[in-house]
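Note sheet for the following structure.
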Amino acid sequence: MTGRLAREPFDENGTRVPAPRPGGHAGDEPIVAVDELTVTFPGGTRAVDGVSFDLAPGASLGIVGESGSGKSATALALLGLHHGTGARLTGRIEVAGTVVDDGDPERLRRLRGATAAMVFQDPMSALDPYFSVGSQIAEVYRLHTGASRREAWSRAVEVLDHVGIPHAARRAAEPPHQFSGGQRQRALIAMALALRPKVLIADEPTTALDVTVQAQILDLLHGLREETGMALLLVTHDLGVIAGTVDEVLVMQRGRIVERGAVRQVLSAPGHDYTRDLLSAVPRVDAPRQRALADGAAPTEPLVRLVEVRQDFPVGRGLVPGRHRTVAAVDGVSLDVRRGEVLGVVGESGSGKTTLARMMVRLLRPTGGRVEFDGTEIGGLSDRRLAPFRRDLQMVFQDPISALNPRRSVGESIADPLRTAGIRDDTTIRSTVREWLARVGLDPDRYDAYPHEFSGGQRQRVGIARALVRSPKLVVCDEPVSALDVSTQAQIIDLLAQLRTELDLTVVFVAHDLAVVRQVSDRVAVMHGGRLVELADADTVYTDPRHDYTRSLLAAVPVLDPDLAAERRAERLALVR
Amino acid sequence: MAAYLVRRVIGALVVLLVLSAAVYVIFYALPGNPAQLVCGPKTCQADQLHRIETELGLDQPIYLQYWHFLVGIVAGRTFSGGPTAIHCAAPCLGYSYQTGEPVTSLLLDRLPVSASLVVGGFVIWVLVGVGLGVVSALRRGRALDRVVTTATLAGNSVPVFLVGLLLLIVFCVYLRWLPFPGYQPLTANPALWAQNLILPWVALSVVSAAVYTRLTRTSMLETLAEDHIRTFRAYGLSESRVIRRHALRGALTPLITIGTIDLATSLTGATLTESLFGLPGLGQLLVTSVRNIDLPVVVGVTILAGAVIVVANMFADILYSVADRRVALA
Amino acid sequence: MSTDALADQAGAPAPEGGAGARSVWRALRREPAAMVGLVVVLLLIVVALAAPLLTALEGQDYTSYHDGLLDSARGGVPAGDLGGVSAHHWLGVEPKTGRDLFARVVYGARVSLAVSLAATVLQLLIGLSVGLAAGLGGRIADAVLSRVTDLVLAFPALIFSIALLGIVPQSFPRPVLLVLVLALFGWAGTARIARGQALTLKTRDYVSAARLAGGRGARLARREILPGLAAPVITYAALMVPGNIVAEAGLSFLGVGINPPTPSWGQMLSSATTWFGGDPMYVAVPGVLLFATVLSFTLFGDGLRNALDPRSTSLSKRAE
Amino acid sequence: ACGTTGGGSSTTAFDPKTCQGGTLEVLNQRDITHLDPARIYTSGGGNIPSLLFRTLTTRNRAAGAAGAKVVPDLATDLGTPSDNAKTWTYHLRSGLKYADGSAITSEDIKYGIERSFSPDLPGGAAYLRDWLVGAKNYAGPYKGDAKTRELAAIETPDTKTIVFHLNSPHGDFPYLATATQFAPVPKAKDDGVDYEKHPVSSGPYQIETYQKNKKLVLTRNKYWSRGVDPQRLACPDTIDITSGLNPDVINQRLAAGSGNDANAVTTDTDLGPAQLAQLQSNPELAKRVAKGNFPYTYYLTYDTTKAPFDKLKVREAFSYAVNRNSVINAIGGSSLGYPATTFLPAQKSMGYQPYDYFPAGKSGNPAKAKQLLAQAGYPHGLTVTLAHNNTADDPSGPEVATAVQDALKKAGITVKLQTIDSNSFYDTLNNPKTQPQLAIAGWGADWPSGGPFLIPLFDGRQIIASGGNFNTAMVDDPAVNKQIDKINAITDPAQAAKAWGALDASMGKQAWYVPLYHGKDLTLYGKNVKNAFVSDWTGVYDLSQLSVK
Ligand SMILES: Nc1ncnc2c1ncn2[C@@H]1O[C@H](COP(=O)(O)OP(=O)(O)OP(=O)(O)O)[C@@H](O)[C@H]1O
Ligand SMILES: Nc1ncnc2c1ncn2[C@@H]1O[C@H](COP(=O)(O)OP(=O)(O)OP(=O)(O)O)[C@@H](O)[C@H]1O
Ligand SMILES: [Mg+2]
Ligand SMILES: [Mg+2]
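Line by line, the protein sequences give chains X, Y, S and C.
Mapping of the first sequence onto my numbering: position 492 corresponds to residue 725, and the numbering continues sequentially without gaps.
Mapping of the second sequence onto my numbering: position 304 corresponds to residue 317, and the numbering continues sequentially without gaps.
Mapping of the third sequence onto my numbering: position 58 corresponds to residue 40, and the numbering continues sequentially without gaps.
Mapping of the fourth sequence onto my numbering: position 184 corresponds to residue 207, and the numbering continues sequentially without gaps.
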């Protein structure tokens, strides 16, 4: 069975119609009312420029748009979270009857969490590293419900279980760094859901989730809306997610709303050029990959060879002797990465993709097996012995924010590989870096800006530029485009393709977006539970999946047709019941 | 963990070995002759001096003295220089040149005093220091911040001796709220113990709190800039709760290291406070024994101090990795 | 106007670090407290440098005894109010000797500032190097360096200093000896802080990223870790300065340090402690200066910390 | 203890008949070094030891110069000299008992002296070894055979008589007999080094409890009475001695006098300069200061056999150049010392004869000094190194050293300072091999007589090349040596004193030392304390005479 991307004609209704609001009451006062909001950052960047919209109780609104168009800035403004950052806001925001301004911190505090909850775009760094995930959820829950410690803890375990964290009871006691990217993202969603808020503001809540888990999460949100009448503001770049989840959609570009309407209408009959561009750039999972990127040359000798590699992480408190447990994040994986190919890696959230990627570039020392690079075993090399290989092994990190030093300008971060390569001339370095900033679609003049001044997608592109600037032989990209809108995504993919031809680059491309993976990869590896369950030609994997898990993945690919999406959801729910 | 502990214990033993050897070497280079000091202040006969030297083992080469010392620790040793042979059982640190008391009992005698002083003071200075640090971070740049900063730094600039003397004059002479302190064992009467130690505690705290206030304030500001703080603000945690639960934890990690160092070093280093308040603690013991070139006592105190520091730092490392589970014990 | 400056610079290639330093300086200038701190520190340094000039202006020196100005029957306390303040002795005179207090603090600033600053710098250098090497190096490096740190902490500095007094020839330059001894015993705190922070910071992704970028050893430490621990270290260092000023006095009293009659604040202050009732001026003069030094270093340190933090509003404001 | 009547009683005059009762608190810095009389080195039995141990003779409990007299204690008189003061015979009073009720015999005194020769019990002064016949190699009663265990120089013809045989005349023997080595020790109770854990008291008090460096509590010895001891009053029932206190705190407590501190005194803490500054503003406090003159001289010393100090002119120049005023100010002003131009302090018992051969006035005479230096061949001045110790406020400490430095500078003498650690200062100074070029030192006598004051510093036969040498000037003048022997034989203290004074006055012309000042002592005592007089022997009030009632 193949995934089907909805391209059937949409509802051809060109005018704005009130979107159906499940569980909502059309006549109600809006629960979120934004009027002429502008957000200006210190330095003069006007990130949001006169945005107005309403959200009725129980309704759902999607915000899509270009990376850096002000989506997150808008979302943050709804809970007054720009306070203290030096950003200047004008306009008026009212959420659940509360005017959001700096006036009364106590009023704001009551609004936050209980009435309106937020899922942040950067899940990796949004959790307190010092506390267990469960206790953080429990703390928030206790604060708003006055529940006992025990109740709060079991609530935390319950919601973690809801968002699909396996062994939730045990994992609740683990600190965030033992969670994979997708697991952390789900933990944050769990935190929001634990409170049953009236409004949920979710900023790219599924960027790190594989399609099956993503579907599960979206179903959960849907169920909650039906059950509690929660209103949903969903910021995402994934049009498939939009199609399946929201009724109404706003399209943003450069801080302004360029289009708004019922999701059906916007997706089928986009009114604005930008929207049209977006839609046309959506990669399709059912289309054979573009030869432009994958040249399909005859199999070459391997550049990287993994032999039975494994990674066992110690878990648990570890202080009590004998109570030492380990968990196998990667459990004996053997595979070759051929010189010049693009190897796609997909798999369940928490299946060990990031861990595998880190071992390939030897950021992690495998606890078992061998990693060979270009014929040399590098798995056990010391830092010093590894030095000569460093320039050839690069990685794009899954979490773009924590991978950038907050105290160094992005230009300097990108320049780092050049400097360690021995380039001393600052003029050369500056111009090279500026050129790379432009290549990933960033403003070269932002060389001296710091990471926190960038949007999620922009940071991701900084990471990509840094990985590529020194022309490595191998670049392992861990979810490199997860935070990018489809057009920027396309730009990055083109860039990779171009470099491949230019530099004989070998790419390992970890992603959860099956369509993107299909578009870029020569071969695709599927991971599940720390093991490699399938590895084959990209087309073969997509058209003739061998493993059950691969099949369920393909079945869960979101579609761009809201009706079809609803249909599928119903099917899934029927299966569960 | 077990392997870690074994490694640390071995490391600790090496430290103590080097430490005691270093003291022996330095002792060799010290001006003055301990036998002369034992012998008496004015005329001391050459033969008397010689006898004392033999008795104290000072006639032997320094490496032999050190060797006997080590053997004494492991297996005990017998002193036969004096009129009667004395056996000193296994962890034997020898006898004071000056008073002839066993070093171990001297240490055991002084340790409770120093521990009472330092641990109590530590609790106060950390609580006050961290508390004021939090306040000044919260009110950063405002008047209260400036007042706290100025006040703690003023405390830091005044010699502990002066602080103590002023406290004594104010509380014991003018207000007469407290008697002039002297050490009372905790086991005998806890209330009296605390009453006698309150002024020394306060004196130590006034002088030491500044570091904690300043470090707490700084680390707090650093931690408050981290992303996860925003999460909890967004979930309606009050600013004070965000600070107490989420910022403080991160902010306190650098304090763990400084705190253990202060705690461990002031055990033998709070000399002035001990002297001023008449507390016969280890600090005073160290100073007098250094002054008297009383090698066994100096080595004893040094080894005790070393052991405390090694243990405290190990404790700090473990605490650190408990507080921040990303940090592995190595 | 600063907008223009920035615009100019944004396009032009700026040397590495240079841009950072310049923007830090710009940010620093926006911190009034930091500027006050800096000005006071500079003023103190100028006073120290200009000591001969200032005392010439007053017409006194720091060694001459003035018996006539003391009340010998009352323990040698300065005769007259405020510790003998007069047109000839601007801050009065020292009890027991009658030496001019102004001349002594002004000259004392030389020893105190030079020694404590040099010692602080050295302590920071050693402490940071050892701490970072321990935190970032392998298990063996960490074990060895951490134990060395323990050793230094437990080392009986007093007995060592007394031994030094006997060993080091009198001709050895005393300030150098002082700085060396202070540095030798004073770096452990910094090392422990640095190590602890390094252990935390090295688990961050951006450090991994820097490793991938080829960063290793000192370079990695300097670029990725050091900025992250700048804040606690700056704060701590600001307090090390007065600590060293006081410690200098201790060593000097032992005879390892500056020989009398050369004055230093620490020595003055510790001789003065018992005089707080009899001659408050004697305590107040060095005390206030020491306090001013701590306060200004702290204010400057706070400002610097702020300026180094790209998230702080003062730095973001730079382009306004 | 005083209750409501306490306030009243403190204003009543002191009456020895009704002074008994109460607890005297003693606040001290240091603990007594030893509780074994063999190991105590003190002048005249010290303050605390003489509460526990009686000796053959003792100091006269009287104020001022009268207190510098020696009087009988266990003995009936000051001893009968014979054989040109080479044999001294004493008889014990009757009815003398230890605190355990047993009788004190002359054998016990002999035994007490013998055991002080044991190398296991060092600490006492060396006079006995030097003076007693055949004592040079005696090693005490613990080792050797029956013959060598005893010291033949001491005879006890009966239980009440004791005879000492000296190898040269010593008119000062009655003074020596005040030392604690002359306290009786019952042989049966002696267990060597452990004796100090349970010394048997012969004085008015006995040890109730003792914690080293913390507390010593003394209570009455019920076998002691004023009838057998004419000297000690022993008014308080209990004497509670706390040690390990800080000097500033001791003075604060005595001054404040709250609670038990009203009954407090100290025996080792003088008022410091800083406290003196405050004294005048508080007349009540000023009344509670005991003033004493413990005979002590501080001086500048150099080796007169080495250049440039082998030249009399140079020595004279130094004597002219010093500024005694600034030196005295440096130690805390005129309340704590007075200028010294003679070596002997201004006390009759010492035989003081005033002289000032090199009048430097109050603040030195640099012009005259320069002139003398020029004559000595140093027209451009000279450079010397002055050693001092590293204890603040010490007479040999940095403050005095810089005062001297400043004064000599005016005379064209450049003084370089050298710090020596305090615990080895005298070791270094008193060893000719390490003796610094110039140093500030102090000397006090073991008893108030000219002999012990002058002999160690001026007797050429006392120069000890291996260390422990106090004749740092290296004076070896046959005339002086001869005169010393002559005076030693004088058994009349008054006559001897006169002779010592004359000797001092004659030696002064040589400027072998440069006397700087003599010390004075000021000690506070508590509000309720009475009879706090000070004698010239100890310089501090006597615990055995104080009353808190
Ligand atoms: N603190 C800041 N200082 C200066 N500029 C900022 C700051 N934060 C964000 N910006 C800029 O504001 C714009 C909007 O950012 P925002 O995070 O809202 O984008 P976004 O729409 O969420 O993008 P993405 O999809 O990439 O997350 C971006 O151009 C970004 O560079
Ligand atoms: N440091 C760690 N300590 C303990 N367990 C860890 C650690 N890092 C990862 N894990 C666990 O290992 C498993 C694999 O993690 P990994 O990050 O490789 O997953 P992933 O495939 O990248 O997932 P995602 O798509 O969600 O990012 C997860 O179950 C995770 O909880
Ligand atoms: Mg965003
Ligand atoms: Mg991952």
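Using N, Cα and C, we set each Cβ at its ideal position, and we do this for glycine too.
- On the three-state DSSP scale, how would you describe C:Ser358? It is coil, neither helix nor strand.
- Of the listed residues S:Val87, S:Leu39, S:Leu99, nearest to S:His70 (C-alpha basis): Closest option to S:His70, Cα to Cα, is S:Leu39.
- Do you know offhand how far X:Arg572's Cα is from X:Phe606's? Cα-Cα distance, rounded: 10 Å.
- Task: Measure from the alpha carbon of C:Arg311 to the alpha carbon of each residue in C:Pro516, C:Leu144, C:Ala279, C:Lys237, then state which is nearest.
- Result: Residue C:Ala279 is the option with its Cα nearest to C:Arg311.
- Could you tell me whether the region 249 to 264 of chain C touches the region 213 to 229 of chain C, where touching means 3 or more Cβ pairs closer than 8 Å? Result yes; three or more Cβ-Cβ pairs closer than 8 Å.
- Range covered by the alpha helix (DSSP H) that runs through X:Ser567: From DSSP, X:Ser567 is part of no alpha helix (DSSP H) but of the beta strand (DSSP E) over 558 to 571.
- 8 Å Cβ cutoff met for C:Ile513 and C:Ala525: Not a contact, by the Cβ cut-off of 8 Å.
- Message: Taking only three categories from DSSP, how would you classify C:Pro471?
- Response: In the structure shown, C:Pro471 adopts coil according to DSSP, grouped into three states.
- Message: Please report the distance separating the alpha-carbon of X:Met424 from that of X:Thr440.
- Response: Their Cα atoms are separated by approximately 17 Å.
- Message: With three or more beta-carbon pairs closer than 8 Å as the criterion, would you say the region 370 to 382 of chain X touches the region 245 to 253 of chain Y?
- Response: A contact exists between the region 370 to 382 of chain X and the region 245 to 253 of chain Y.
- Message: If I follow the unbroken alpha helix (DSSP H) through S:Gly148, where does it start and stop?
- Response: Annotation: the continuous alpha helix (DSSP H) that includes S:Gly148 extends over 139 to 149.
- Query: Got a sec? Which residues, its chain only, sit under 6 Å from X:Ile490 by beta carbon, not counting five neighbours each side?
  - Reply: These residues qualify, in order along the chain: Val284, Leu483.
- Around the Cβ of S:Trp247, are there at least 16 other Cβ atoms within 10 angstroms (buried) or fewer (exposed)? Result: buried.
- How many angstroms separate the CA atom of Y:Leu119 from the CA atom of Y:Cys105? Cα to Cα, Y:Leu119 sits roughly 12 Å from Y:Cys105.
- Message: I need the DSSP call for X:Ala259, collapsed to helix, strand or coil.
- Response: Interpretation of X:Ala259 is limited by its pLDDT of 46, a score under 50 that renders its predicted location unreliable; no figure is taken from the coordinates.
- Message: For X:Pro535, list the residues DSSP reports as bridge partners.
- Response: According to DSSP, which records beta bridges pairwise, X:Pro535 is partnered with X:Arg571.
- Could you work out which residues of chain X lie near Y:Ser251, taking near to mean beta carbons separated by less than 7 Å? In chain order: Arg342.
- Query: Regarding S:Leu137 and ligand 2, is the C-beta to nearest heavy atom distance less than 7 Å?
  - Reply: Sequence inspection shows Phe at residue 137 of chain S; the Leu mentioned does not correspond to that position. Checking the Cβ of S:Phe137 against ligand 2 gives no.
- Comparing the C-beta of S:Pro284 with each C-beta of chain X, is any distance below 8 Å? Here the sequence assigns Asp to residue 284 of chain S, which means Pro is not the residue at that position. Chain X, which has no Cβ nearer than 8 Å to the Cβ of S:Asp284, makes this no.
- Opening and closing residue of the beta strand (DSSP E) in which X:Asp755 lies: For X:Asp755, there is no enclosing beta strand (DSSP E), since its DSSP letter is neither H nor E.
- Query: How about S:Pro241: is its C-beta nearer than 8 Å to some C-beta of chain C?
  - Reply: Note on identity: in this sequence residue 241 of chain S is Asn, with Pro being the wrong assignment. Yes, S:Asn241 counts as interfacial toward chain C.
- Kindly indicate the opening and closing residues of the alpha helix (DSSP H) around S:Met263. 262 to 290 is the span of the alpha helix (DSSP H), which, as asked, contains S:Met263.
- Query: Residues of chain Y with a CB under 9 Å from the CB of X:Met592: which are they?
  - Reply: Residues of chain Y passing the Cβ test: none, with the nearest at roughly 18 Å.
- Query: CB of Y:Leu240 to nearest heavy atom of ligand 3: below 7 Å?
  - Reply: Correcting the residue type first, residue 240 of chain Y is Asp in the shown sequence and not Leu. Exclusion of Y:Asp240 from the 7 Å shell around ligand 3 follows from its C-beta lying no nearer than that to any non-hydrogen atom of the ligand.
- Task: Output the distance between the C-alpha atoms of X:Asp625 and X:Val570, rounded to the nearest integer angstrom.
- Result: The C-alpha of X:Val570 is placed about 14 Å away from the C-alpha of X:Asp625.
- Does the distance from the C-beta atom of X:Val496 to that of X:Asp510 stay below 8 Å? It is not a contact, given that the beta carbons lie outside the stated cut-off.
- DSSP puts X:Val548 in a beta bridge; with which residues? Partner(s): X:Arg558.
- Three-state secondary structure (DSSP) at X:Pro275? Coil.
- Task: Specify, as a first and last residue, the run of the alpha helix (DSSP H) that X:Arg343 falls within.
- Result: X:Arg343: member of the alpha helix (DSSP H) spanning 338 to 344, first to last residue.
- Message: Please classify Y:Ala341 as buried or exposed, where buried requires at least 16 other C-beta atoms within 10 Å of its C-beta.
- Response: By the neighbour-count rule (16 or more Cβ atoms within 10 Å), Y:Ala341 is not buried but exposed.
- Item | The alpha helix (DSSP H) enclosing C:Asp544, as first and last residue numbers | For C:Asp544, there is no enclosing alpha helix (DSSP H); the residue is found in the beta strand (DSSP E) stretching over 544 to 547.
- Three-way DSSP call (helix, strand, coil) for C:Ser489 in this model: Three-state DSSP puts C:Ser489 in coil, outside helix and strand.
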